[in-house]
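Be aware that the sequence shown starts at 2, since it is given in my numbering, and climbs by one per residue. Where a beta carbon is used, it is the ideal one built from N, C-alpha and C, also for glycine.
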Amino acid sequence: MKKKTAKKIQNIEKHIINAIMNRAVVINKECLEHCRDFRIMESPMHKKTRILRWTTIDISNVDRPIQCYRYECFDMDGTPQNCSIHYSDQEEANDFFLSLTTLYKQEFSIDHTL
């Protein structure tokens, strides 16, 4: 029997984390706002899809900063699907949000290979 040597974190292999978090580095560099709290997630509402979620914080108006979640989809192997998550209504958005499970988390995009 062959031993599996791929390191897994919360049911996700390290090479998949690296592939998705490499995209997070690109997102962070292109982000006009402050981007943080990068998470690789999954949801039963989007089977066979890994979801990268991050928080953007727009502080252009320091008296009223705006914080938003952003999403990008990936195949199970970490290949980008070049799409995002959209909802038909607030109820569907709430159901999706509550269904998310975090597989991997890091505060900033730059530390995934350390």
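Collapsed DSSP secondary structure at residue i in the structure displayed
i    : result
I41  : strand
H16  : helix
L33  : coil
L104 : strand
Distance CB(residue i)-CB(residue j) smaller than 8 Å
i    : j    : result
E34  : I52  : no
F75  : I21  : yes
W55  : I28  : yes
T148 : M42  : A question about residue 148 goes unanswered here, because the residues of the chain that appear run from 2 up to 115.
P81  : R24  : yes
M77  : K106 : no
Residue i classed as buried or exposed, judged by whether at least 16 other C-beta atoms fall within 10 angstroms
i    : result
C69  : exposed
R40  : buried
I86  : buried
Y88  : exposed
C84  : exposed
E73  : buried
L104 : buried
Runs of beta strand (DSSP E) lying entirely within the segment 45-95, each at least 3 residues, in chain order:
51-59, 67-75
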